[in-house]
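Start counting the sequence shown at 180; every next residue gets the next number (our numbering).
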Amino acid sequence: MSSNSRLESIINTWCVYILFNPSRSKVYVGNTHDLKDRLEKHNRLTNDGGGYTWEPVVAITGFLNNKEATNFESNIKLLARKKEFAEYASLYQGRCPSIVLKRIIAIRCLLCEYDYCWRAPRGKKRRYVLHWGNYMERDQRQLDVLQHCPWARVGRNVKHKKLDLSDPNNNNNLSNEVS
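Structure follows, in structure tokens:
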């Protein structure tokens, strides 16, 4: 695997992710070093035979350690609670619920605008990759609008990819999702 593809991989790297449960209208924001395993844990059956299906919305890679990922995750949660984010979400009307959109917009703001609450670590230019999950494919127009709004600022590079949880050493794919 080349160094560029390693940087853009979702496998064995720190990431912050958003999951959505459509049947319960719940959103989960978390961070992990193994997204495939974490998603399997979210979707496992409970002792009483019940279970919930969590669908990946987006995962962000580019964090060097747990501290960076946890800091970014907590700021997503903080910003998504702000009143103006409900208003921002109404600008991107589509099939995706506003509780999901508020978190996506919070990610965009953290990567582009809000240096006072989250500062990208200093050093060489950072590359963040947004791996879009299959939930966003339900409304391609809305996904196109979200992907084509400005995502980066000076010193940060943001790339959009399809979420791929397959192991390069194994041909069994958990998901091959958004473009």
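Yeah, the Cβ is synthetic: ideal placement off N, Cα and C, and Gly gets one too.
Which listed residue (Ala285, Ala248, Leu258 and Pro276) has its alpha carbon closest to that of Lys205: Checking every option, the nearest Cα to that of Lys205 belongs to Pro276.
Outcome for Cys194 when other beta-carbon atoms lying within 10 angstroms are tallied against a minimum of 16: Counting other Cβ atoms within 10 Å of its Cβ, Cys194 reaches 16 or more and is therefore classed as buried.
Asn250, enclosing alpha helix (DSSP H) - first and last residue: The continuous alpha helix (DSSP H) containing Asn250 extends over residues Asn245 to Ala259.
Nearest to Lys261 (by Cα), restricted to the options Leu280, Asn245, Lys246 and Ala248: That would be Leu280, whose Cα lies nearest to the Cα of Lys261.
C-alpha distance - Phe242 paired with Arg203, whole-angstrom precision: A direct Cα-Cα distance of roughly 30 Å separates Phe242 from Arg203.
At least three beta-carbon pairs within less than 8 Å, the stretch 240-258 to the stretch 207-220: They touch, by the three-pair rule.
6 Å CB neighbourhood of Leu309 in its chain, flanking five on each side removed: For Leu309, where only same-chain residues beyond five positions count, the Cβ hits under 6 Å are Val237, Ile239 and His339.
Sub-8 Å separation of Glu234 and Asn313 beta-carbons: For the pair Glu234 and Asn313, the CB atoms are nearer than the 8 Å cut-off.
Cutoff 6 Å; reference Leu353; Cβ partners in own chain excluding five residues on either side: Residue placement at Leu353 cannot be trusted, given a pLDDT of 45 that sits under 50; what the coordinates show is reported in the next sentence. Annotation for Leu353: Lys215 and Leu344 place their beta carbon closer than 6 Å to its own, counting only its chain and skipping 5 residues before and after.
CA-to-CA distance, Leu322 to Val341, given in whole angstroms: In the sequence as presented, Val is not what sits at residue 341; that position holds Lys. One C-alpha to the other measures close to 12 Å.
N- and C-terminal bounds of the alpha helix (DSSP H) containing Cys288: Ser277 to Cys291 is the extent of the alpha helix (DSSP H) around Cys288.
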